[in-house]
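Step one of this worksheet: look at the structure below.
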Amino acid sequence: MAVKIVRQPKKIALIGAPFSAAGFAPGTEKAPAALRAAGIIEKLQAAGYEIVDHGDCAPRLFADDDEHRRARNLTEIVAGLNDLKIRAELAVKSGAFVLVLGGDCAQAIGLLTGARRYYKHLNLLWFDRDADLNTPASTPSGRIDGMVVAHIIGKGAPELVRFWSEAPLVREPDVTLFGLQRLDPPEQDFLGKSPMRHIHAADIQSKGAANGAHDALAQVHADAREFILHLDVDVIAQEDFPAVNVPGSGGLRFDDVRGSFIEFLKHRNLLGLDVAQYNPGKDSDGSGAKKLLDLLVEALSARLEVLTAPAAEPAAGPEEMTSSGTTA
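Numbers in our numbering are just positions in the sequence shown, counted from 1, shifted up by 5.
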């Protein structure tokens, strides 16, 4: 059955993903509740959005899982992704902009899979200090958070590679990594041979945040096809945002991230955003939640202004999409 998706620029479909099973430490599962308590719904409503709250998935928690040292906690991760996928399918079908609050980086697989239900091809913009391109064969930790992009492009544990039946979930040439500052040797080797695009933090700072964002949008073919944005907040230097499990010095400062992020959010072909790795347990005074919330509201407000401007054409999805993600 064909499904016509009409994009709704004034609506946000909100999903909480209280996950840490893929992570390097616990804590990120508390992020959705912390951001809700900080007033994300009320602030977005005040900015002019209608919020459709799809609720929070069941928590999927960090564990050592030393029995599976090459790919830890897969059972919990897959269970969480199944929950998120169902919510994401409903959200995407509604035409609203999808906002996933998490959580660990594996949540991106759930959002992408839900969107692929209706879109034959999607591009991915991965805004992260890390490439997340290790596999169970190369991983130094066994933590899936360090392998998410590899699984999205079809390399790694079968349970995740086949989570979308028509692997890969996103093709290598359709992925752009943005903000890179930490790469393991196997990841460097892979990127040297892959058609995947990537932009390092130093290059963004050299040319300016907005210019760097425009380069990334061109690389991900944003004008020609819908795309999903993943934001791992540890891309922000720990000097400006320490409330994460794997902080890093150097790289992009908060203003760099802000400048690029706003440009990404203003693009009409952006279908959805997942926000990962904020840890309220490392944010005792709540300043990190406020900083992140202010960033999200500012960027989404800029998006609303652009998409509802009188000269703008109505935002609409592809003409007809079948329920299997193929054009009718």
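Cβ coordinates follow ideal geometry from the N, Cα and C atoms, glycine included.
**Span of the beta strand (DSSP E), counted from its first residue to its last, around Arg-134** = Working through the sequence shown from its first residue, we reach residue 134 at position 129. It is not in any beta strand (DSSP E) - Arg-134 carries neither H nor E in the DSSP assignment.
**Item:** Of the listed residues Phe-24, Asp-135 and Leu-165, nearest to Asp-109 (C-alpha basis)
**Value:** Here residue 109 refers to the residue found at position 104 of the sequence shown. Measuring from the Cα of Asp-109, the nearest candidate turns out to be Phe-24.
**Request:** Indicate the three-state DSSP secondary structure (helix, strand or coil) for Ala-207 in the structure shown.
**Result:** For the purposes of this step, residue 207 is taken as residue 202 along the sequence shown, with counting starting at 1. Ala-207: helix per DSSP, three-state reduction.
**Alpha-carbon spacing of Ala-227 relative to Pro-178, whole angstroms** = Translated into positions along the sequence shown, residue 227 becomes position 222. Translated into positions along the sequence shown, residue 178 becomes position 173. Going from the Cα of Ala-227 to the Cα of Pro-178 covers about 13 Å.
**Request:** Could you spell out where the beta strand (DSSP E) holding Pro-14 opens and where it closes?
**Result:** To locate residue 14, count along the sequence shown from 1; it is residue 9. Note, Pro-14: beta strand (DSSP E), 13–22.
**Request:** Going by CA-CA distance only, name the one from Ala-39, Gln-13, Ala-76 and Gly-53 that's closest to Ala-294.
**Result:** Taking the first residue of the sequence shown as 1, we reach residue 294 at position 289. The option with the nearest alpha carbon to Ala-294 is Ala-39.
**Prompt:** Around the Cβ of Ala-101, are there at least 16 other Cβ atoms within 10 angstroms (buried) or fewer (exposed)?
**Reply:** Here residue 101 corresponds to residue number 96 of the sequence shown, with the count starting at 1. Buried, because 16 or more other Cβ atoms sit within 10 Å of the Cβ of Ala-101.
**Request:** Pull up the CB-CB distance for Val-225 and Asp-239, whole angstroms please, since I reckon it's below 8 Å.
**Result:** Within the sequence shown, the letter at position 220 stands for residue 225. Within the sequence shown, the letter at position 234 stands for residue 239. A Cβ-Cβ separation of about 21 Å leaves Val-225 out of contact with Asp-239 under the 8 Å criterion.
**Request:** With Ala-101 as the anchor, note down where its beta strand (DSSP E) starts and where it stops.
**Result:** Numbered from 1 along the sequence shown, position 96 holds the residue referred to as residue 101. Element bounds for Ala-101: 101–107.
**Request:** Helix, strand or coil for Ala-30, going by three-state DSSP, please let me know.
**Result:** Counting from one through the sequence shown, the residue named residue 30 turns up at place 25. Coil, per DSSP.
**Message:** In whole angstroms, give me the CA-to-CA distance for Tyr-54 and Glu-303.
**Reply:** Reading the sequence shown from its first residue, position 49 is the one you call residue 54. Reading the sequence shown from its first residue, position 298 is the one you call residue 303. Distance between the alpha carbons of Tyr-54 and Glu-303 is about 12 Å.
**Prompt:** Buried or exposed: Ser-254, going by 16 or more other Cβ atoms within 10 Å of its Cβ?
**Reply:** Within the sequence shown, the letter at position 249 stands for residue 254. Classification of Ser-254: exposed, given that the 10 Å Cβ count is below 16.
**Message:** Which of the three DSSP states is assigned to Arg-273 in this structure?
**Reply:** Here residue 273 is taken as the residue at index 268 of the sequence shown, counted from 1. Arg-273 sits in coil when the DSSP states are folded into three classes, being neither helix nor strand.
**Prompt:** Smallest Cα separation from Ile-17: which of Gly-32, Leu-106, Asp-70 and Glu-244?
**Reply:** Residue mapping note: residue 17 aligns to position 12 of the sequence shown, counting from 1. When only C-alpha atoms are compared, the closest one is Leu-106.
**Asked** What did DSSP end up calling Ala-96 once you bin it into helix, strand or coil?
**Response** Walking along the sequence shown from the start, residue 96 turns up at place 91. DSSP places Ala-96 in helix when its eight states are reduced to three.
**For Asp-299, the first and last residue of its enclosing beta strand (DSSP E)** = Translated into positions along the sequence shown, residue 299 becomes position 294. Run containing Asp-299: none in the beta strand (DSSP E); it sits in the alpha helix (DSSP H), 292–312.
**Prompt:** Between which two residues does the beta strand (DSSP E) containing Glu-55 stretch?
**Reply:** What you label residue 55 is simply residue 50 of the sequence shown in a count that begins at 1. Unbroken beta strand (DSSP E) run through Glu-55: 55–61.
**Asked** According to DSSP, is Leu-116 helix, strand or coil?
**Response** The residue given as residue 116 occupies position 111 in the sequence shown. The answer is helix: DSSP assigns Leu-116 an H, G or I state.
**Asked** Can the beta-carbon of Phe-67 be found less than 7 Å from the beta-carbon of Gly-115?
**Response** In the sequence shown, residue 67 corresponds to position 62, counting from 1. In the sequence shown, residue 115 corresponds to position 110, counting from 1. Against a cut-off of 7 Å, the Cβ pair of Gly-115 and Phe-67 comes out as no contact.
**Message:** Tell me the DSSP secondary structure of Leu-234 in three-state form.
**Reply:** By one-based count along the sequence shown, residue 234 stands at place 229. Leu-234 falls in the strand class under three-state DSSP.
**Message:** Please identify the residue among Leu-298, Phe-266 and Val-251 whose C-alpha is closest to the C-alpha of Gly-32.
**Reply:** Here residue 32 refers to the residue found at position 27 of the sequence shown. Checked all of Leu-298, Phe-266 and Val-251; the closest Cα to Gly-32 is Val-251.
**Prompt:** With a CB to CB cut of under 6 Å and the five nearest residues on each side skipped, what residues in its chain are close to Ala-30?
**Reply:** The residue you call residue 30 lines up with position 25 of the sequence shown. Contacts found: Asn-250.
**Message:** Only counting the same chain, and skipping five residues up and downstream in sequence, which positions put a Cβ closer than 7 Å to that of Lys-296?
**Reply:** Within the sequence shown, the letter at position 291 stands for residue 296. Around Lys-296: Phe-246.
**Message:** Here's a check: name, in chain order, each residue in its chain whose Cβ is nearer than 7 Å to the Cβ of Arg-52, leaving out the five neighbours to either side.
**Reply:** Counted from its first residue, the sequence shown places residue 52 at position 47. As written in the sequence, residue 52 is Ala, which differs from the Arg given in the question. Excluding positions up to five away in sequence, the list reads Val-302, Leu-305, Ser-306 and Leu-309.
**Request:** State yes or no: is the C-beta of Gly-60 within less than 7 Å of the C-beta of Pro-37?
**Result:** In the sequence shown, counting from the first residue as 1, residue 60 sits at position 55. In the sequence shown, counting from the first residue as 1, residue 37 sits at position 32. No, the Cβ-Cβ distance between Gly-60 and Pro-37 is not below 7 Å.
**Message:** Between which residues of its own chain and His-205 is the CB-CB distance below 6 Å, once the five residues before and five after are set aside?
**Reply:** Translated into positions along the sequence shown, residue 205 becomes position 200. Only Leu-185 meet the Cβ criterion.
**Prompt:** Where does Phe-416 sit, in a helix, a strand or coil, going by DSSP?
**Reply:** Only positions 6 to 333 of the chain appear in this structure, which leaves residue 416 out of reach.
**CA nearest to the CA of Ile-157, picked from Pro-145, Ala-136, Asp-288 and Gly-147** = Counting from 1 along the sequence shown, the entry for residue 157 is found at position 152. Ranking the options by Cα distance to Ile-157, first place goes to Ala-136.
**Asked** Below 7 Å between beta carbons: does that hold for Pro-141 and Gly-161?
**Response** Within the sequence shown, numbered from 1, the residue matching residue 141 stands at position 136. Within the sequence shown, numbered from 1, the residue matching residue 161 stands at position 156. In this structure, Gly-161 lies closer than 7 Å to Pro-141 by Cβ.
**Request:** Return the CA-CA distance between Leu-276 and Val-153, expressed in angstroms with no decimal places.
**Result:** Translated into the one-based positions of the sequence shown, residue 276 becomes position 271. Translated into the one-based positions of the sequence shown, residue 153 becomes position 148. Distance between the alpha carbons of Leu-276 and Val-153: 20 Å.
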